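Numbering (my numbering), first residue to last: 761 to 1234.
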């Protein structure tokens, strides 16, 4: 029954997590519960139930009838062996709960760091729409440039739109392209050692629309005409990598794209994390799409004052008005892309947090049950002590102190287990140590408080025992 219930709960959890949607979880195949795992879980539940049910029965069956009869009543299970077993169960339950809760705490803290680090620009109130121009209808570069420029200009006048632009290979969208390059004020490295940079073609207002800060120089404007000198905007990573403690403006770089391109650095912008918060910034080269375009699709980016989805239909109508045969696809907010980049971290946090919550609940129930049972076995002792003048608060305090000693041992075991298993979390946490002392202290303190509350209830009951009732059966 326990195994079947566990499988049913597992199925409900997976279905519930999947129902959250693709923006909150990794791909479905990454979280499906396979048949081997289900069978293992079911067999583990059966074996566990059998062991904890059969072993006591087997032990009782081997006991002499006289001892069994003599042990009935309040003194049943009061021997030192039984006490040690109960204490070991309390320590094991608490320590395992602490290990799970520590892991969940680390993942929560890591997820918070990921969210705070961000991706280098403001993802709020951004709508993205991908558009591809067929080469048969727009065969020349100038036609494609003019079409995208006109759409961006129209979109910037939509009600609620504060800025509009366009880019190839949108950040966080997965796709991208890169090539080798070199700077012209130093010797050219051998072919196999050339640095690599991501390259993007952008509409001049792209960085302003996205909220990527300008660090030095200027952004693209009307001075960067198609027939004029070619300029390039580089990321701060490039400036610091190739011109440390120097002014990168006016420097030139070369890129082997068709005929070798030579461009002057006209601006430096902030770094972005193209693949999400877990990826470090890397070299980025931004080119003006009016000066250099060898593609026919771009992603339109609109920043709005409020909910960006409210302008999606307006943009669709505008595209159809310009060309009724053009497809409009990947209509998404930038927040949804950002959520996707955090999906794996979010899922790990939710999953381990759920397991930790269940472990805490089971541990509290177990501690409460074991302590209640222990108090019940000591009813005669408690009655005698209270009959001799012991106060209820003294009795309750002694029981809580005994439980606190067990919990102290359990904390030490749990902390040691958390430190031993921390290496398994190294690839799952971000910018924090898997043995983060703050998390270990907070979890230990919080779980100890919860466990002491679970111990206090049977201790309070013991303090209200009537000595006459406790001794009546003797």
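The beta-carbon is built from N, C-alpha and C at its ideal position, and this holds for glycine as well.
Since this is a predicted model, take the numbers as computed values, not measurements.
Item checked: Residue span of the alpha helix (DSSP H) that contains residue 1191, given as start and end -> Looking at the DSSP string, residue 1191 is not in any alpha helix (DSSP H), and its letter there is neither H nor E.
Note to self: List, from N- to C-terminal side, the alpha helix (DSSP H) runs of 4 residues or more that fit wholly inside the region 1145–1185.
What the structure shows: Taking only runs of at least 4 residues, the alpha helix (DSSP H) segments lying wholly in the region 1145–1185 are 1152–1181.
Notebook entry, point to check: Does the beta-carbon of residue 1166 have 16 or more other beta-carbons within 10 angstroms, so that it is buried, or is it exposed?
Noted result: Classification of residue 1166: buried, given that the 10 Å Cβ count is 16 or more.
Margin query: Can you tell me whether residue 890 is helix, strand or coil according to DSSP?
Written below: In the structure shown, residue 890 sits in a strand (DSSP, three-state: E or B).
Next item on the list: Could you tell me the distance, in whole angstroms, from the CA atom of residue 1255 to the CA atom of residue 923?
Entry: With the chain covering only 761 through 1234, there is no way to say anything about residue 1255.
Next item on the list: May I ask you to report which of helix, strand or coil DSSP gives residue 946?
Entry: In this structure, residue 946 counts as coil in the three-state DSSP scheme.
Notebook entry, point to check: With a CB to CB cut of under 7 Å and the five nearest residues on each side skipped, what residues in its chain are close to residue 1092?
Noted result: 888
Item checked: Entirely enclosed alpha helix (DSSP H) segments - the region 1081–1154, minimum 4 residues -> 1094–1101, 1103–1137, 1139–1147
Note to self: Please classify residue 1069 as buried or exposed, where buried requires at least 16 other C-beta atoms within 10 Å of its C-beta.
What the structure shows: By the neighbour-count rule (16 or more Cβ atoms within 10 Å), residue 1069 is not buried but exposed.
Item checked: For residue 1061, the first and last residue of its enclosing beta strand (DSSP E) -> 1057–1064
Item checked: Sequence-distant residues of the same chain with beta carbon closer than 6 Å to residue 1219, five excluded per side -> 1156, 1159, 1160
Next item on the list: Would you mind listing the beta strand (DSSP E) stretches within the region 856–928 that are 3+ residues and don't spill past its ends, in chain order?
Entry: Counting only runs of 3 or more, we get 886–892, 921–927.
Notebook entry, point to check: How close, in whole Å, do the beta carbons of residue 868 and residue 1109 come, if the pair is a contact with beta carbons under 8 Å?
Noted result: Contact holds; Cβ gap of about 6 Å.
Next item on the list: May I ask which residues mark the beginning and end of the alpha helix (DSSP H) holding residue 998?
Entry: 996–1002
Next item on the list: For residue 974, write down the residues that DSSP places opposite it in a beta bridge.
Entry: 1029
Next item on the list: Look up residue 940 in the DSSP assignment and say whether it is helix, strand or coil.
Entry: strand
Notebook entry, point to check: Should residue 1130 be labelled buried (16 or more other beta-carbon atoms within 10 Å of its own) or exposed?
Noted result: buried
Note to self: Alpha carbons only, please: which of 1182, 1145, 951 is nearest the one belonging to residue 1015?
What the structure shows: 951
Check: Are the beta-carbon atoms of residue 993 and residue 1029 separated by less than 8 Å?
Finding: Cβ distance < 8 Å, so residue 993 and residue 1029 count as in contact.
Notebook entry, point to check: Shortest alpha-carbon distance to residue 990 belongs to which of 1045, 873, 1152, 1184?
Noted result: Closest by alpha carbon: 1045.
Check: Using the rule of at least 16 other Cβ atoms within 10 Å of the residue's Cβ for burial, across every protein chain shown, is residue 785 buried or exposed?
Finding: Residue placement at residue 785 is poorly supported in this model, since its pLDDT is 44, which falls under 50; the coordinates still yield a value, given next. With 16 or more other CB atoms across the displayed protein chains lying within 10 angstroms of its CB, residue 785 is buried.
Checklist line | Check whether residue 1061 and residue 1204 have beta carbons under 8 Å apart | finding: No.
Note to self: Please classify residue 899 as buried or exposed, where buried requires at least 16 neighbouring CB atoms within 10 angstroms.
What the structure shows: exposed
Note to self: Tell me which residue opens and which closes the alpha helix (DSSP H) that residue 960 is part of.
What the structure shows: Counting along the chain, residue 960 falls outside any alpha helix (DSSP H), though it belongs to the beta strand (DSSP E) covering 956–962.
Notebook entry, point to check: In the DSSP assignment, what are the bridge partners of residue 1013?
Noted result: Looking at the DSSP assignment, residue 1013 forms a beta bridge with 943, 1023.
Next item on the list: Evaluate the contact criterion for the region 867–881 versus the region 1119–1139: three or more CB pairs, one atom per stretch, below 8 Å.
Entry: Contact between the region 867–881 and the region 1119–1139 is absent, because fewer than three Cβ pairs lie under 8 Å.
Next item on the list: Examine the Cβ distances between the region 963–979 and the region 870–886 and report whether three or more of them are shorter than 8 Å.
Entry: yes
Next item on the list: Taking residue 909 as the reference, give the member of 934, 1059, 1184 with the closest Cα.
Entry: It is 1059 whose Cα lies nearest to the Cα of residue 909.
Notebook entry, point to check: Is it true that the CB of residue 1164 sits closer than 8 Å to the CB of residue 1207?
Noted result: no
Margin query: Nearer than 7 Å: is that true of the beta carbon of residue 1179 relative to any heavy atom of the ligand NAP?
Written below: Summarising the ligand content, the structure contains no ligands, and the ligand NAP is consequently not present.
Check: Helix, strand or coil: which one does DSSP assign to residue 830?
Finding: With a pLDDT of 49 at residue 830, under the threshold of 50, the modelled position of that residue is not reliable, and no figure is offered here.
Check: How many whole angstroms separate the CB atoms of residue 891 and residue 1088, which I take to be in contact at a CB cut-off of 8 Å?
Finding: 6 Å
Check: If you drop the 5 nearest sequence neighbours on each side, which residues of the same chain put their C-beta closer than 7 Å to that of residue 1017?
Finding: So the qualifying residues of the chain are 939.
Note to self: Using DSSP's beta-bridge definition, name the partner residues of residue 993.
What the structure shows: 1027, 1046
Item checked: Cα-Cα separation, residue 1150 to residue 1201 -> C-alpha separation (whole angstroms): 36 Å.
Item checked: Extent of the continuous alpha helix (DSSP H) to which residue 933 belongs -> Careful: residue 933 lies outside any alpha helix (DSSP H) and carries neither H nor E.
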